[in-house]
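First up is the structure itself, then whatever we jot down about it.
In the working numbering, the protein residues as written are 157 to 462.
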């Protein structure tokens with residue numbers, strides 16, 4: 157049997173200096189799916205592997221079994237807000253799950269259906285968070301599989317959007333303040349604010365009041381908050397007094413935590429509680445008087461540390 161003839165991939169003489177180290181990147185062009193070279197190379201790879209895949213025994217039987225299993229449908233655990241229950245459900249054969257809301261009287265209706273929003277099936281519901289009163293819902297949509305989520309807010313009673321969508325919310329968190337008139341969210345910086353190709357690594361935390369432009373949102377700040385962190389989580393205490401922000405460095409197990417008071421008209425600078433810990437930490441719940449931060453036993457000041 158002759159050895160397969162693999163498609164030729166152009167090797168660039170491209171080297172960049174990162175933090176004093178020379179980093180070769182000869183196949184940078186493959187990162188662009190629209191590059192004609194990437195398109196041609198991908199098609200050639202498909203042509204190479206297709207005969208081998210089609211010849212595998214039991215392929216059709218396996219495909220049929222997997223299709224049957226995946227078509228069973230699914231339902232999520234309901235999230236309750238002031239008598240309303242929110243849950244995702246995917247019926248057998250349905251491509252995208254639908255967000256349903258059940259009213260206190262038991263009546264149920266579809267609140268967000270990706271297939272209705274986009275019959276082509278290219279739009280995805282990336283996430284959703286109802287306010288504490290169950291009156292409004294913040295949700296993320298992305299199209300074409302790019303995961304570049306856009307933040308929307310709708311009125312649960314009418315199902316209609318009440319806000320101008322906010323873009324650049326890929327992999328971003330959101331938390332409501334009591335009353336449903338304000339929220340805290342995470343947003344990537346603009347492309348023109350950082351060097352080319354670096355936008356995905358820079359995010360900011362903002363406080364937004366519904367009915368106002370995102371251009372006028374208040375930037376939440378604190379010592380070291382935007383230094384060497386790429387992803388953020390936000391949590392607001394149920395009484396609306398405290399804001400907790402967590403920061404991560406990519407997928408590394410090094411976390412930072414900031415806490416600050418939410419005043420009615422502004423957000424003072426946050427205080428750093430944990431900065432770049434070498435082990436993972438998680439802040440679980442907060443009230444008007446305190447919060448519980450979980451760390452491994454070996455962490456400094458942990459109850460189980462030697």
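In this text, a Cβ means the ideal position worked out from N, Cα and C, and glycines have one as well.
If you look at residue 411, you'll find it in the beta strand (DSSP E) that goes 411 to 417. Distance from the CA of residue 352 to the CA of residue 423, rounded to the nearest whole angstrom, comes to 31 angstroms. In the three-state reduction of the DSSP assignment, residue 305 falls in the coil class, being assigned neither a helical nor a strand state. Under the DSSP assignment, residue 199 falls outside any beta strand (DSSP E), being part of the alpha helix (DSSP H) whose first and last residues are 192 to 210. Within the model, the alpha-carbon separation for residue 432 versus residue 359 is close to 17 angstroms.
Per DSSP, the unbroken beta strand (DSSP E) holding residue 297 starts and ends at 292 to 299.
Contact annotation, residue 381 with residue 401: C-beta distance approximately 7 angstroms; criterion of less than 8 angstroms satisfied.
Straight across, the Cα-Cα distance linking residue 315 with residue 198 is about 42 angstroms. The continuous beta strand (DSSP E) containing residue 399 extends over residues 398 to 404.
Boundaries of the beta strand (DSSP E) harbouring residue 286: 279 to 286, taken from the DSSP string.
The straight-line gap separating the alpha-carbon atoms of residue 189 and residue 417 is approximately 45 angstroms. Nearest to residue 308 by C-alpha distance, out of 300, 212 and 328, is 328. Annotation for residue 267: the continuous beta strand (DSSP E) segment containing it runs 264 to 268. Judged by DSSP in its simplified three-state form, residue 217 adopts helix. Below 8 angstroms, too few C-beta pairs join the segment 175 to 193 and the segment 218 to 229 to call them touching: fewer than three. Here residue 180 is exposed: its Cβ has fewer than 16 other Cβ atoms, across all protein chains shown, within 10 Å.
As the crow flies, the alpha-carbon of residue 262 is around 9 angstroms from that of residue 240.
Rounded to the nearest angstrom, the gap between the Cα atoms of residue 242 and residue 282 is 15 angstroms.
Apart from sequence neighbours up to five positions away, the residues of its chain that approach residue 388 with a beta-carbon distance below 7 angstroms are 329, 342, 359, 361, 401, 402 and 403, ordered along the chain. In the structure shown, residue 338 falls within a strand segment according to DSSP collapsed to helix, strand and coil.
Non-local C-beta neighbours of residue 336 in its own chain, meaning closer than 8 angstroms and more than five positions away in sequence, comprise 287, 288, 289, 291, 292 and 366, ordered along the chain. In the same chain as residue 385, and ignoring 5 residues on each side of it, the C-beta atoms closer than 7 angstroms to its own belong to 403, 404, 405 and 412, in chain order.
The alpha-carbon separation between residue 209 and residue 427 amounts to approximately 56 angstroms. Beta-bridge partners assigned by DSSP to residue 255: 244 and 268. Under the 10 Å beta carbon count, residue 305 is surrounded by 16 or more other beta carbons and is classified as buried. Residue environment: residue 349 is assigned as exposed (fewer than 16 neighbouring CB atoms within 10 Å of its CB, all protein chains considered).
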